[in-house]
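Residue numbering for the sequence shown follows my numbering, beginning at 597 and increasing consecutively.
Yeah, the Cβ is synthetic: ideal placement off N, Cα and C, and Gly gets one too.
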Amino acid sequence: MLNVALVVGFNSDLEAQSIRASLEYFGAKVITYWIGRPKEFIEILSGKGLYDDINYVVFCFHGEEGKFVMEELGEGIYEQDEPQGYFGSAEIYKYAKLHNTHIVNSGCTLGEKKLAESFLRSGVKSYIGSIDYVDGNAALMFTIRLFYGLINHEKTLEDAFQEASLIDEETRTFRFYK
597 MLNVALVVGF NSDLEAQSIR ASLEYFGAKV ITYWIGRPKE FIEILSGKGL YDDINYVVFC
657 FHGEEGKFVM EELGEGIYEQ DEPQGYFGSA EIYKYAKLHN THIVNSGCTL GEKKLAESFL
717 RSGVKSYIGS IDYVDGNAAL MFTIRLFYGL INHEKTLEDA FQEASLIDEE TRTFRFYK
């Protein structure tokens, strides 16, 4: 059985619910983490907030210019030393310790090479994300098709990735880093 952490950012709830329902239907165990503030995101990135048996981390976030979009909180809401703003490769390099997991990222531009390299340096086995402003429906279909190949057809991650990326022009924007 695959154990999947579904990490959900600002305004990505419908996509996350669709992915969760599909993956559970395929037979995966899915744990959903709702991110409301940077501190919670750091807890997941550090691995401290995840169960030990997680194989895949799926990030359902919006992305912009290779950075995770974080919802802006009111001035008095941030805790002392809590970072503000978007999370790019520097923040991932600083906080990520997701050893021995595979990362699938559905957000726009979050397949940018520098971001992927930051995750790989943190110890992840592989990283998948789109290098462009991918259509939301295409990102959803890519993710579902990827896991369909992994779970239902017991394909390797590389083979499942190849098949998922062939859906259309939008899904061809996804890249696989290892």
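Taking a cut-off of 8 Å for Cβ pairs, the region 716-726 and the region 680-693 touch, as three or more such pairs fall below it. Excluding five sequence positions before and after LYS710, the CB atoms of its chain that fall closer than 6 Å to its own CB belong to SER685, given in chain order. Per DSSP, the continuous alpha helix (DSSP H) segment holding LEU619 begins and ends at 609-622. Secondary structure within the region 611-683: the beta strand (DSSP E) runs of 3 or more consecutive residues, fully enclosed, are 625-630 and 652-656 (chain order). For HIS695, no pairing in a beta bridge is given by DSSP. Per DSSP, the continuous beta strand (DSSP E) segment holding ILE724 begins and ends at 722-726. Under the 10 Å beta carbon count, LEU762 is surrounded by fewer than 16 other beta carbons and is classified as exposed.
Minimum Cα-Cα distance from GLY725 among the listed residues GLY681, HIS658, ILE673 and PRO679 corresponds to HIS658. ARG741 and GLY672 have their C-alpha atoms roughly 42 Å apart. For VAL626, the CB contacts under 6 Å within the same chain, skipping 5 residues up- and downstream, are VAL600, LEU602, ARG616, LEU619 and GLU620 in chain order. Per DSSP, the continuous alpha helix (DSSP H) segment holding PHE738 begins and ends at 732-748. If the five residues before and after ASN748 are omitted, its C-beta is found closer than 7 Å to the C-beta atoms of PHE622, all from its own chain and listed in chain order. Using a Cβ distance threshold of 8 Å, TYR629 and ILE638 do not count as a contacting pair.
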